[in-house]
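The numbering of the sequence shown is this note's numbering, which starts it at 39 and goes up by one.
Ideal Cβ placement from N, Cα and C applies to all residues, glycine included.
See structure below.
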Amino acid sequence: MHNNIFVTGDLHVGKSTLIQRVLSNLPLIKILGFKTSRFFQNKKLAGFYLEDFSRLCQDTPKAFIGRCVNDNYWVSIPETFDILGVEILQNCLKGKPDLIVMDELGFFENDAKLFQKHVFAVLASPIPVLGVLKKKRTPFLDQIRKRSDVKVFEVTRENRDRMYEQIYEEVLQLIGLGKGKNYIDAASYEKTVKEVFAPVYPVIAKQILDRTKMKSGICLDVGAGTGHLGIELTKISDFNTYLLDCSQDMLLIAEQNIERAGLQGRVHTLLGSVYRIPLNNESVDLVISRGSLYFWEQKKLALHEIYRVLAPGGMAYIGGGFGSAELKRKIYLQMQQKDQNWRKNMAQKINQTNNINYLELLKDLDLAYLEVSNSEAGMWLIMQKKQEFGVGTASN
Ligand SMILES: C[S@@+](CC[C@H](N)C(=O)[O-])C[C@H]1O[C@@H](n2cnc3c(N)ncnc32)[C@H](O)[C@@H]1O
Numbered sequence: 039m040h041n042n043i044f045v046t047g048d049l050h051v052g053k054s055t056l057i058q059r060v061l062s063n064l065p066l067i068k069i070l071g072f073k074t075s076r077f078f079q080n081k082k083l084a085g086f087y088l089e090d091f092s093r094l095c096q097d098t099p100k101a102f103i104g105r106c107v108n109d110n111y112w113v114s115i116p117e118t119f120d121i122l123g124v125e126i127l128q129n130c131l132k133g134k135p136d137l138i139v140m141d142e143l144g145f146f147e148n149d150a151k152l153f154q155k156h157v158f159a160v161l162a163s164p165i166p167v168l169g170v171l172k173k174k175r176t177p178f179l180d181q182i183r184k185r186s187d188v189k190v191f192e193v194t195r196e197n198r199d200r201m202y203e204q205i206y207e208e209v210l211q212l213i214g215l216g217k218g219k220n221y222i223d224a225a226s227y228e229k230t231v232k233e234v235f236a237p238v239y240p241v242i243a244k245q246i247l248d249r250t251k252m253k254s255g256i257c258l259d260v261g262a263g264t265g266h267l268g269i270e271l272t273k274i275s276d277f278n279t280y281l282l283d284c285s286q287d288m289l290l291i292a293e294q295n296i297e298r299a300g301l302q303g304r305v306h307t308l309l310g311s312v313y314r315i316p317l318n319n320e321s322v323d324l325v326i327s328r329g330s331l332y333f334w335e336q337k338k339l340a341l342h343e344i345y346r347v348l349a350p351g352g353m354a355y356i357g358g359g360f361g362s363a364e365l366k367r368k369i370y371l372q373m374q375q376k377d378q379n380w381r382k383n384m385a386q387k388i389n390q391t392n393n394i395n396y397l398e399l400l401k402d403l404d405l406a407y408l409e410v411s412n413s414e415a416g417m418w419l420i421m422q423k424k425q426e427f428g429v430g431t432a433s434n
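This is how it looks when you write it as structure tokens:
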């Protein structure tokens, strides 16, 4: 499975432009990496230099990687890669961005062995890479091309618009915001919510507030879909709420629902993935999530990320269900009429998720309280992050 995308193609075909177009249309995400730029003297191409992607346009001395010394005679400067390039790549891994850019890899780095080693370390990391690869064949570039975690797209003048669409969608998918295999069509989901699920949200919202005994602060609804749980909870509390989802289409409908509920200013949408929540450490008092856990392929990563954003003493209420045995019975009947296979598909998803040993997954976290409950109301995981001083309140 590839985690890194490179664009290749003939000179001046627009490889870097295509990458810039992808980057400028991505939703706000953290991007680190490097860029190589052309240097002109007396209107003639006289060199190439390396820049840190996070410091572009800063007035720093040019770090040349290649210079034209005598009309058409080029010399490479591998030290720039081995010093500045390595430093940039090390910072990329330390900075944990959503995406690393390598624009571009070519032949000036043929002798920069240390830099090459770090390029391979970045490619092997879980952080996706979007880069440009010179078309020329060198042992270094060939080694990149044949990696199973790398996918190379060849761009031509004829295909570049089509390529842009394809690469943009692939990058979204790599950063967890694309229409992956678990993609749910937002319009039909909202239709089903309105026709069938609507009664469960006020019930679950009240259960959460009763159980956590929380009334105000910052709430985060993870995998909020079209926003109903977060909206219902905000209506009956003093929370200000973020609705986080990896689907822009879901959030567009959520925005209409926020407006309809008159909660603009108190409820906000947030495009992002549970694996990399775009909020600061310890900034959330209550995390809620219904029906999304079943889609998280990396549950440990997701739950640890939720723990990261929880404030000391903050609580999370995560799981799925319909609020009560009575609601569950009604909804199962209605859904079965709509879709014969619904019960079977649900049962499969629920069993896989409910049978996970959550105590084991969360054993490294500093929790004041942890409970996994399974009843007719659903499966809910309730956890409370330890206060810095004192003990939790959930079990009292
Ligand atoms: C079944 S819907 C539940 C929506 C809403 N919570 C509700 O109860 O109506 C699951 C939602 O989780 C979202 N989702 C799935 N994987 C996600 C991820 N990795 N990060 C953020 N949201 C995710 C989907 O886009 C979808 O909107």
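In terms of residue numbering, what span does the alpha helix (DSSP H) encompassing Ser-254 cover? If you number the sequence shown from 1, residue 254 lands on position 216. It is not in any alpha helix (DSSP H) - Ser-254 instead sits in the beta strand (DSSP E) that spans 254-260.
Alpha carbon to alpha carbon, what distance is there between Lys-244 and Leu-301? Taking the sequence shown and counting its residues from 1, one reaches residue 301 at position 263. Taking the sequence shown and counting its residues from 1, one reaches residue 244 at position 206. Approximately 18 Å, taken between the alpha carbons.
Give every residue of the same chain whose Cβ lies closer than 7 Å to the Cβ of Ser-254, excluding the five residues on either side of it in the sequence, and list them in chain order. Working through the sequence shown from its first residue, we reach residue 254 at position 216. The residues are Ser-275, Asp-276, Phe-277.
Proximity below 8 Å, CB of Ile-394 to CB of Met-353: Position 356 of the sequence shown, counting from 1, holds the residue named residue 394. Position 315 of the sequence shown, counting from 1, holds the residue named residue 353. In this structure, Met-353 does not lie closer than 8 Å to Ile-394 by Cβ.
Return the chain-ordered list of same chain residues with a C-beta closer than 8 Å to the C-beta of Gln-204, the five sequence neighbours on each side being excluded. Stepping through the sequence shown from its first residue, residue 204 is reached at position 166. The residues are Phe-191.
Tell me the DSSP bridge mates of Tyr-345? Along the sequence shown, read from residue 1 onward, the residue named residue 345 stands at position 307. DSSP output for Tyr-345 lists no bridge partner at all.
Using a threshold of 8 Å, state whether the C-beta atoms of Arg-304 and Thr-264 are closer than that. Numbered from its first residue, the sequence shown carries residue 304 at position 266. Numbered from its first residue, the sequence shown carries residue 264 at position 226. Going by C-beta atoms, Arg-304 is not nearer than 8 Å to Thr-264.
What residue range does the alpha helix (DSSP H) around Gln-422 cover? As a working note, residue 422 is residue 384 in the sequence shown. Segment 416-423 is the beta strand (DSSP E) holding Gln-422; no alpha helix (DSSP H) there.
Counting beta carbon pairs with one atom in the stretch 43-53 and one in the stretch 155-172, are three or more of them shorter than 8 Å? yes
Answer with buried or exposed for Glu-196, where buried requires no fewer than 16 other C-beta atoms within 10 angstroms of its C-beta. Here residue 196 is taken as the residue at index 158 of the sequence shown, counted from 1. Per the 10 Å Cβ criterion, exposed.
Check whether the stretch 227-245 touches the stretch 364-374, counting contact only when three or more Cβ pairs, one atom from each stretch, lie closer than 8 Å. yes
My output table needs one value for Arg-298: the three-state DSSP class, helix, strand or coil. Taking the sequence shown and counting its residues from 1, the one referred to as residue 298 is at position 260. Correct three-state label for Arg-298: helix.
Between the alpha carbons of Ile-296 and Tyr-87, how many angstroms are there, rounded? Counting from one through the sequence shown, the residue named residue 296 turns up at place 258. Counting from one through the sequence shown, the residue named residue 87 turns up at place 49. If you take the alpha carbons of Ile-296 and Tyr-87, they lie about 49 Å apart.
Quick check on the DSSP output: the beta strand (DSSP E) that includes Ser-7 runs from which residue to which? Any answer about residue 7 is impossible in this case: the structure gives the chain only from 39 up to 434.
Check whether the Cβ of Asn-295 lies closer than 7 Å to any heavy atom of ligand 1, and answer yes or no. As a first step, residue 295 is located in the sequence shown; it is residue number 257 there, counting from the start. False, no ligand heavy atom lies under 7 Å from that Cβ.
Between which residues of its own chain and Lys-100 is the CB-CB distance below 8 Å, once the five residues before and five after are set aside? In the sequence shown, residue 100 corresponds to position 62, counting from 1. Contacts found: Phe-77, Gly-85, Tyr-87.
May I ask you to list the residues that DSSP assigns as paired with Gly-218? Position 180 of the sequence shown, counting from 1, holds the residue named residue 218. Gly-218 pairs with nothing; no bridge assigned.
With a 10 Å radius around its C-beta and 16 neighbouring C-beta atoms as the bar for buried, classify Leu-365 as buried or exposed. Position 327 of the sequence shown holds residue 365. So Leu-365 counts as buried.
Name all residues in chain order for which at least one heavy atom of ligand 1 lies closer than 5 Å to the residue's CB. Here the list is Gly-261, Gly-263, Asp-283, Cys-284, Ser-285, Met-288, Ser-311, Val-312, Arg-328, Gly-329, Ser-330, Phe-333.
Would you say the stretch 139-146 touches the stretch 52-72, given that touching needs at least three Cβ pairs under 8 Å? yes
Between the Cα of Glu-293 and those of Glu-125, Ile-269, Tyr-202, spot the shortest distance and give me the residue it belongs to. Taking the first residue of the sequence shown as position 1, residue 293 is located at position 255. When only C-alpha atoms are compared, the closest one is Ile-269.
Around the Cβ of Glu-207, are there at least 16 other Cβ atoms within 10 angstroms (buried) or fewer (exposed)? By one-based count along the sequence shown, residue 207 stands at place 169. Classification for Glu-207: exposed.
Taking just the CA atoms, how far does Phe-360 sit from Ser-433? The sequence position of residue 433 within the sequence shown is 395, counting from 1. The sequence position of residue 360 within the sequence shown is 322, counting from 1. Reliability fails at Ser-433, whose pLDDT of 46 lies under 50, so the model's placement of it is uncertain and no value is given.
Return yes when the Cβ of Leu-405 is within less than 8 Å of the Cβ of Gln-422, no when it is not. For the purposes of this step, residue 422 is taken as the residue at position 384 of the sequence shown. For the purposes of this step, residue 405 is taken as the residue at position 367 of the sequence shown. In contact: Gln-422 and Leu-405 (Cβ atoms closer than 8 Å).
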